[in-house]
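Undergrad:
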Amino acid sequence: MTDATATQTPPRRGGLLELDARTRRRNAAEARFRLYGLIAVGIGMLALVLLLISVLSSGLGAFQQTSLRLDVTLTEKALDKTGSRDPEVMKKVTTITYGKLLEQALAKTIEDKGIVIDGLSKTDIKDMISKDAAARVRDRVLAHPDLIGETVPFTVLANGRIDGYLKGRVTMDSAQRDSNVSPNQLLLADALRADGTLYKAFNWAFITAPDASELRPEAAGLGVAILGSAYMMIVVLCLSLPLGVATSIYLEEFAPKNRITDLIEVNISNLAAVPSIVFGILGLAIFINFAGLPQSAPIVGGLVLTLMTLPTIIISTRAALKAVPPSIRDAALGIGASKMQSIFHHVLPLAMPGILTGTIIGLAQALGETAPLLLIGMVAFVREYPDAPPEGFFDPASALPVQVYNWTQRADPAFVERASGAIIVLLVFLLAMNAVAILLRRRFERRW
Amino acid sequence: MNDMTRVDPRTEVADVKISARKAQVYYGDNHAIRDVDVDINARMVTAFIGPSGCGKSTFLRSLNRMNDTIPGCRVEGTILLDGENIYDRRVDPVQLRAKVGMVFQKPNPFPKSIYDNVAYGPRIHGLTRTKAELDEVVETSLRRAALWAEVKDRLHAPGTGLSGGQQQRLCIARAVATSPEVLLMDEPCSALDPIATAQVEELIDELRAQFSVVIVTHSMQQAARVSQRTAFFHLGNLVEFGATDQIFTNPGDPRTESYITGRIG
């Protein structure tokens, strides 16, 4: 206030009740910005909803499967001519014989129930039943030879097309043009369904069974893929968490700040940006060709994914360590704690939520990774379950994302449904992992 | 700087705990502390005063080698604790800091319970053998820090849940629990209100019975109230060092007088 005439109050400019032009402009700008934000959020939500709708609508069907209840007469003449009940001898009987028994059982059911459909051929009846069913019946008879000679109730899978009919994928119209299914079969399916022989139920086999061939989509399951993915995650977690945390602690707390550490830091950041398929090539060259580890094995997949996950874990762990206030370190050092004590007793527990979040994000990335696994042979068709760990780490296995990739390449539309179902399983696993991350974070944060 | 030795710190007959001779501290190329000669007596409160950036905190931190954690920081000259050079190659700073404890400007309790905060030092140094002994150390430390009455019913509540003044007293209790020989305090009251400040000052006066205390402060009144000896730092130099009464009533250096009367700083 250099103004000497301070008593002279300047004239009042504008009232509070009406907005001046400048305020109006500022308010308009803010309103516009909020609108942009809402639009951006809306687009994101819309994309998510569309994704979920498309995956759920095409994939939920995979969790239901159509089966037939049949009373199969296991004749001794067909299955065990010698009457020895010796599984070794009985193994000579192929699934073709069992298929015939199933066919007879279905034909008998149709006759008993008095279902009459004009022009229903023997092939029509045979093809109602999945090609996988005969093998299942054979397995059961070989395990229990005393069943021979009796009439045993069996639950067998229906053919994929019949399953599709019950789920609305196959219609009378499409059956006219489809050489794999006839309208007569659909009529038969309706009749069998009406009396309860044919029914739809929850499909546990989708989660537990191994993959099946091109011609048997109804029998394909995710069992081997889930096990393979779980084994790989165990390998990734056991290797990348200790390695990543140890690296971060050393670099953040102990390493002298010089050119070499700068170089290492830059390289870690670069490693995080390397395309995942490059890690696949590396894994193929080093773990399989050089170290001689088996192909398609979860141990190799786990090692490759560990390399991929390490930078993510290191970067997030270092960020979490950096975020711990230096006053805590000073406090510990000030009462005579060694550097290591100050880190392990105070800094690390405080950084734990951040470390866990980074680890789970890294694991989730690894769980969904396909490209590097293709290169190390995880794309192979595997029907055998891997053994229990640790031997199982070296057995061939599949992985969830690779199974999705595999199924989308197959011709039968039933596999499209399976692939979407597999995506749902993958998403459920990811959600579960994120939930665990949130829970752990809460738990650690509660320690003030 | 010919008037620097006007008051010879060695003239007083006392039990010298820490003695610094020609101490220099560098941050990289920056010569932060020049030629400081100070004797810190046992069972006495020594205050370091001076304007911001004069190096008093830097010098304080060099007394228990907390500066080691700052990259590029170097200390030259000799600093003796009971006649042993603390910058000797054979000295482990961790062992030194158990003897020379520190309380910081901002209260920094660990995010643990009050009990664990105080018990941490005795635990890592193995000072107690049984839980009962540890309980006793925690209680005496909290009593010494005049905090026992306020927290005795919630020892297992988080230390970070206390008020600012209580947190600072908790930090003092934590430092006291390791039974150090010297207690360094870096502006311990700057984040506290007048009531908490008064409590902490009273505490410092009581602690003098067992420890030798060095306190850095911006408040000249505080220095006058709690300390027996005062050192005035200016631009990295020790300008004057002597009995507190004499520094405040009859400063020997014109710069000290200007600072005390509020003309520089």
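Sequence lines, in order, name chains A and B.
Under UniProt numbering, the first sequence has 334 at position 334, and the numbering climbs by one with no breaks.
Under UniProt numbering, the second sequence has 204 at position 204, and the numbering climbs by one with no breaks.
No residue lacks a Cβ here, since even glycine has one placed at the ideal position from N, Cα and C.
How far does the alpha helix (DSSP H) with A/L74 in it reach, from first residue to last?
TA: Taking the first sequence and counting its residues from 1, the one referred to as residue 74 of chain A is at position 74. From DSSP, A/L74 is part of no alpha helix (DSSP H); its letter is neither H nor E.
Undergrad: In the DSSP assignment, the beta strand (DSSP E) including residue 266 of chain B goes from what residue to what residue?
TA: Lying before the first or after the last residue shown, residue 266 of chain B is absent from chain B, which here runs from 1 to 265.
Undergrad: Using the rule of at least 16 other Cβ atoms within 10 Å of the residue's Cβ for burial, across every protein chain shown, is B/I195 buried or exposed?
TA: The residue you call residue 195 of chain B lines up with position 195 of the second sequence. That one is exposed.
Undergrad: For A/I39, count neighbouring C-beta atoms within 10 Å of its own C-beta (all shown protein chains included) and say buried if the count is 16 or more, exposed if not.
TA: In the first sequence, counting from the first residue as 1, residue 39 of chain A sits at position 39. Result: exposed.
Undergrad: Ordered along the chain, which non-local residues of its own chain (more than five positions away) have a Cβ less than 6 Å from that of B/M4?
TA: One-based indexing of the second sequence puts residue 4 of chain B at position 4. Residue placement at B/M4 cannot be trusted, given a pLDDT of 45 that sits under 50; what the coordinates show is reported in the next sentence. Excluding positions up to five away in sequence, the list is empty.
Undergrad: Do A/D112 and A/N184 have their C-beta atoms within less than 9 Å of each other?
TA: By one-based count along the first sequence, residue 112 of chain A stands at place 112. By one-based count along the first sequence, residue 184 of chain A stands at place 184. Going by C-beta atoms, A/D112 is not nearer than 9 Å to A/N184.
Undergrad: Would you list, in chain order, the members of the region 251-265 of chain A that have their beta-carbon closer than 7 Å to a beta-carbon of chain B?
TA: K257
Undergrad: Closest Cβ-Cβ distance between B/G101 and chain A: below 9 Å?
TA: For the purposes of this step, residue 101 of chain B is taken as residue 101 along the second sequence, with counting starting at 1. With 9 Å as the cut-off, B/G101 counts as an interface residue toward chain A.
Undergrad: Could you please give the first and the last residue of the uninterrupted alpha helix (DSSP H) stretch that includes B/T197?
TA: Residue 197 of chain B sits at position 197 when you count from the first residue of the second sequence. Per DSSP, B/T197 belongs to the alpha helix (DSSP H) from 194-207.
Undergrad: For the region 114-140 of chain B, enumerate the residues whose C-beta is nearer than 8 Å to any C-beta of chain A, in chain order.
TA: Y120, G121, I124, H125
Undergrad: Any C-beta of chain A sitting closer than 9 Å to the C-beta of B/N108?
TA: Looking up residue 108 of chain B in the second sequence gives position 108. Yes, contact with chain A.
Undergrad: Does A/M1 come within less than 9 Å of chain B when only Cβ atoms are used?
TA: Counting from 1 along the first sequence, the entry for residue 1 of chain A is found at position 1. Its pLDDT being 46, under 50, A/M1 is placed unreliably by the model, and the measurement read from it follows with that caveat. It does not; no Cβ of chain B falls within 9 Å.
Undergrad: Is B/S163 helix, strand or coil by DSSP?
TA: Working through the second sequence from its first residue, we reach residue 163 of chain B at position 163. If DSSP states are grouped into helix, strand and coil, B/S163 belongs with coil.
Undergrad: Quick check: is the beta carbon of B/L81 nearer than 9 Å to any beta carbon in chain A?
TA: Taking the first residue of the second sequence as 1, we reach residue 81 of chain B at position 81. No, B/L81 lies away from the interface with chain A (no Cβ there is under 9 Å from its Cβ).
Undergrad: Please report the distance separating the alpha-carbon of A/T97 from that of A/R138.
TA: Working through the first sequence from its first residue, we reach residue 97 of chain A at position 97. Working through the first sequence from its first residue, we reach residue 138 of chain A at position 138. If you take the alpha carbons of A/T97 and A/R138, they lie about 9 Å apart.
Undergrad: Determine the closest residue to A/G228 out of A/K122, A/P145, A/Y385, with distance taken between C-alpha atoms.
TA: As a working note, residue 228 of chain A is residue 228 in the first sequence. Out of A/K122, A/P145, A/Y385, A/Y385 has the C-alpha closest to the C-alpha of A/G228.
Undergrad: Quick one: Cα of B/A42 to Cα of B/Y259, how far?
TA: Counted from its first residue, the second sequence places residue 42 of chain B at position 42. Counted from its first residue, the second sequence places residue 259 of chain B at position 259. Each residue's alpha carbon lies about 27 Å from the other.
Undergrad: In angstroms, rounded to a whole number, what distance separates the CA positions of B/Q95 and B/N85?
TA: Mapped onto the second sequence, residue 95 of chain B falls at position 95. Mapped onto the second sequence, residue 85 of chain B falls at position 85. Near 13 Å, if we compare the C-alpha coordinates of B/N85 and B/Q95.
Undergrad: For A/G52, is the classification buried or exposed, using 16 other Cβ atoms within 10 angstroms of its Cβ as the cut-off for buried?
TA: Taking the first sequence and counting its residues from 1, one reaches residue 52 of chain A at position 52. Residue 52 of chain A is actually Leu in this sequence, not Gly. Exposed: under 16 other Cβ atoms inside 10 Å.
Undergrad: In chain order, what are the residue ranges of uninterrupted alpha helix (DSSP H) at least 4 long that sit wholly in the region 215-291 of chain A?
TA: 223-249, 259-272, 276-283
Undergrad: Quick one: give me the first and last residue of the beta strand (DSSP E) that B/F232 is part of.
TA: Start at 1 with the first residue of the second sequence, and residue 232 of chain B comes out as number 232. Where B/F232 is concerned, the enclosing beta strand (DSSP E) stretches over 229-234.
Undergrad: Please report the residue range of the alpha helix (DSSP H) in which A/L431 lies.
TA: Stepping through the first sequence from its first residue, residue 431 of chain A is reached at position 431. Where A/L431 is concerned, the enclosing alpha helix (DSSP H) stretches over 413-445.
Undergrad: Can you check which of these residues, A/A422, A/R441, A/A437, A/V141, is closest to A/T208 by C-alpha distance?
TA: For the purposes of this step, residue 208 of chain A is taken as residue 208 along the first sequence, with counting starting at 1. It is A/A422 whose Cα lies nearest to the Cα of A/T208.
Undergrad: Return the residues of the region 165-179 of chain B that lie within a Cβ-Cβ distance of less than 9 Å from chain A, sorted by chain order.
TA: Residues passing the 9 Å Cβ filter: C171, R174, A175, A177, T178.
Undergrad: Leaving out the 5 sequence neighbours to the left and right, which residues in its chain are closer than 7 Å to B/T160 when beta-carbon positions are compared?
TA: In the second sequence, counting from the first residue as 1, residue 160 of chain B sits at position 160. Contacts found: P109, P111.
Undergrad: Would you check if the distance between the CB atom of B/S62 and the CB atom of B/V25 is smaller than 9 Å?
TA: Walking along the second sequence from the start, residue 62 of chain B turns up at place 62. Walking along the second sequence from the start, residue 25 of chain B turns up at place 25. In this structure, B/V25 lies closer than 9 Å to B/S62 by Cβ.
Undergrad: Could you list the residues in the region 320-332 of chain A with a C-beta less than 8 Å from some C-beta on chain B, going in chain order?
TA: P325, S327, I328, R329, D330, A331, A332
Undergrad: Do the CB positions of B/L203 and B/R169 come within less than 9 Å of each other?
TA: Numbered from its first residue, the second sequence carries residue 203 of chain B at position 203. Numbered from its first residue, the second sequence carries residue 169 of chain B at position 169. Yes, the Cβ-Cβ distance between B/L203 and B/R169 is below 9 Å.
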